[in-house]
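In what follows, a structure is listed as structure tokens, so that the remarks can point back to it.
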Amino acid sequence: MADAGGHLVWIDCEMTGLDLTRDKLIEVAVVVTDSELRVLDPGLDLVISADDADLEDMADVVTEMHAKSGLTDAVRASTLTVAEAEQQLLAYIKRWVPERRTAPLCGNSIGTDRGFLARDMPELDDHLHYRMVDVSSVKELARRWFPRVYFAQPPKGLAHRALADIVESVRELAYYRRTLFVDGPGPSTSQAQRAAGEVVAGFADVLAAADATPPAGPPAEGAPPAASGG
-11 MADAGGHLVW IDCEMTGLDL TRDKLIEVAV VVTDSELRVL DPGLDLVISA DDADLEDMAD
49 VVTEMHAKSG LTDAVRASTL TVAEAEQQLL AYIKRWVPER RTAPLCGNSI GTDRGFLARD
109 MPELDDHLHY RMVDVSSVKE LARRWFPRVY FAQPPKGLAH RALADIVESV RELAYYRRTL
169 FVDGPGPSTS QAQRAAGEVV AGFADVLAAA DATPPAGPPA EGAPPAASGG
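Anchor point for the sequence shown: position 126 equals 114 in our numbering, and the numbering is continuous, going up by one each time.
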């Protein structure tokens, strides 16, 4: 295994809403990268069962979003519990990051996701470093300081499924690394656009696999936690 000291753990969650006092965690996906943002494995995507009452209580915009993405049907078909999902996710992360609190949690607006992870998956949350890498912060700074870079960023998909969303977050930071973390004054518009195209091409296979990968089901009785890839 490569040195895990610089590894980054990327997680995206889908919920029935954003209220920590009442909403439910219904999908979690994880991807691990090295410090150069190379995806080490296709990732793990888990859909968690929820009661019909929880799904029927979603706001209209969330109901429409999860219905369109197919997540609502997947949740109704799932028998995976939150506790089972936590153990599968933790086992997967430990393949790449065996030592506790050495890798930060990464994603877009990751504080929201971390709130639900801390509430529902405390063992997983505790395994990750308290520091976080929030791509949204980089994006907000780019909008203010390097607007050419901001407006040339790769377009986001509208899948609203956890695995595709988190791969897009990795891709987004890869773009900003190419265009922002350089000697000033930064790239020209054409250079930024070219970098966006190259980053999109570089992540095309990984993102296509994320879009095509069905979420893992619950493990068979007595079987070890499932993990995708080798």
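For every residue, glycine included, the Cβ atom is placed at its ideal position computed from N, Cα and C.
Opening and closing residue of the beta strand (DSSP E) in which residue i lies
{"i": "E15", "result": "L13 to T21"}
{"i": "L77", "result": "Not the beta strand (DSSP E): L77 falls in the alpha helix (DSSP H), residues V70 to W84."}
{"i": "D29", "result": "Per DSSP, D29 belongs to no beta strand (DSSP E) and is neither H nor E."}
{"i": "I36", "result": "No beta strand (DSSP E) contains I36, which DSSP labels as neither H nor E."}
{"i": "L(-4)", "result": "L(-4) to M3"}
{"i": "L93", "result": "L93 to G95"}
Closest by C-alpha distance to residue i, when choosing among the options
{"i": "V18", "options": "Y80, T51 and V70", "result": "Y80"}
{"i": "G185", "options": "R159, A200 and P202", "result": "R159"}
{"i": "V27", "options": "V194, G172, A200 and T201", "result": "V194"}
{"i": "G145", "options": "D108, P203 and A196", "result": "A196"}
{"i": "E24", "options": "A200, R166, P175 and D199", "result": "R166"}
{"i": "D33", "options": "R10, L77 and D45", "result": "L77"}
{"i": "A198", "options": "H148, Q181, S178 and G172", "result": "H148"}
{"i": "R136", "options": "S176, A91, L6 and A106", "result": "S176"}
{"i": "F139", "options": "Q179, G172, W84 and A189", "result": "Q179"}
{"i": "D0", "options": "A204, W133, D45 and A152", "result": "A152"}
{"i": "K82", "options": "T21, S124 and D11", "result": "T21"}
{"i": "W84", "options": "R182, V170 and P30", "result": "P30"}
{"i": "R182", "options": "F169, V170, Q141 and A204", "result": "Q141"}
Beta-carbon spacing of residue i, residue j below 7 Å
{"i": "K4", "j": "D42", "result": "Reading off the sequence, residue 4 comes out as Thr, not Lys. Yes; because the gap between Cβ atoms is below 7 Å, this pair is in contact."}
{"i": "V35", "j": "A62", "result": "yes"}
{"i": "A200", "j": "E2", "result": "no"}
{"i": "E74", "j": "M109", "result": "yes"}
{"i": "V187", "j": "Y163", "result": "yes"}
{"i": "G95", "j": "S157", "result": "yes"}
{"i": "I154", "j": "D122", "result": "no"}
{"i": "H117", "j": "P143", "result": "no"}
{"i": "R107", "j": "L8", "result": "yes"}
{"i": "F134", "j": "G190", "result": "no"}
{"i": "S37", "j": "S66", "result": "yes"}
Start and end residues, alpha helix (DSSP H) containing residue i
{"i": "L129", "result": "V123 to W133"}
{"i": "G226", "result": "In this structure the chain extends from -11 to 218, so residue 226 is not present and cannot be described."}
{"i": "M53", "result": "D48 to S57"}
{"i": "Y163", "result": "A150 to T167"}
{"i": "Q181", "result": "T177 to A200"}
Next item on the list: Say whether the region 8 to 15 touches the region 110 to 117, bearing in mind that this needs 3 or more beta-carbon pairs closer than 8 Å, one atom from each stretch.
Entry: no
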